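*Asks:* Numbering (UniProt numbering), first residue to last: 1 to 103.
Once you've had a glance at the structure underneath, I'll fire off some questions.
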Amino acid sequence: SQQVEVDFVRPWTEQDHRLKVLFQVLDVNGDGGICVDDLTIGLKKLGVHLHWFGPKIVKAGDKDLDGQLDFEEFVHYLRDHEKKLRLVFKSLDKKNDGKEYCL
Ligand SMILES: [Ca+2]
Ligand SMILES: [Ca+2]
1 SQQVEVDFVR PWTEQDHRLK VLFQVLDVNG DGGICVDDLT IGLKKLGVHL
51 HWFGPKIVKA GDKDLDGQLD FEEFVHYLRD HEKKLRLVFK SLDKKNDGKE
101 YCL
């Protein structure tokens, strides 16, 4: 399957193009919202094989409870959880393939 490289090392900024790239990668069916199914497939494209990760992100980030993250909710979630996500991706990197996943 297609592997996607996104640079997560630098901190996010509000208008960061990386957020749009990441949103497009994770919105697998392209309907403008990221649901759990999108995340499960999309995270695998990023090399993240954690079955609990997608549902957790949607549950935590879905403010209007429509079951998916629109772009605003997604950006909000990433900015709120930036440090925690970096840790997840760093620990993945240690036990995985040596690729850099520092979200
Ligand atoms: Ca979608
Ligand atoms: Ca939502």
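Quick reminder that beta carbons are idealized off the backbone N, C-alpha and C, glycines included.
Small disclaimer: the values here were computed from a predicted structure and weren't measured.
Counting C-beta neighbours from all protein chains within 10 Å, is the total for Arg73 16 or more, i.e. buried, or is it exposed?
*Replies:* Here the question's residue 73 lines up with position 73 in the sequence shown. Residue 73 is actually Glu in this sequence, not Arg. A buried status is given to Glu73, since no fewer than 16 other beta-carbon atoms sit within 10 Å of its beta-carbon.
*Asks:* Taking all protein chains shown into account, decide if Leu65 is buried (16 or more other Cβ within 10 angstroms of its Cβ) or exposed.
*Replies:* Counting from one through the sequence shown, the residue named residue 65 turns up at place 65. That one is exposed.
*Asks:* Going along the chain, which unbroken runs of the beta strand (DSSP E) with 3 or more residues stay wholly within the UniProt domain "EF-hand" (56-84)?
*Replies:* none
*Asks:* Checking 8 angstroms against the spacing of the C-beta atoms, do Leu43 and Phe53 come in under that value?
*Replies:* Working through the sequence shown from its first residue, we reach residue 43 at position 43. Working through the sequence shown from its first residue, we reach residue 53 at position 53. In contact: Leu43 and Phe53 (Cβ atoms closer than 8 angstroms).
*Asks:* Could you tell me the distance, in whole angstroms, from the CA atom of Asp38 to the CA atom of Gly32?
*Replies:* Reading the sequence shown from its first residue, position 38 is the one you call residue 38. Reading the sequence shown from its first residue, position 32 is the one you call residue 32. C-alpha separation (whole angstroms): 11 angstroms.
*Asks:* Using 10 angstroms around the beta-carbon of Leu87, count the other beta-carbons present and answer buried if the total reaches 16, otherwise exposed.
*Replies:* Start at 1 with the first residue of the sequence shown, and residue 87 comes out as number 87. Flag for Leu87 reads exposed.
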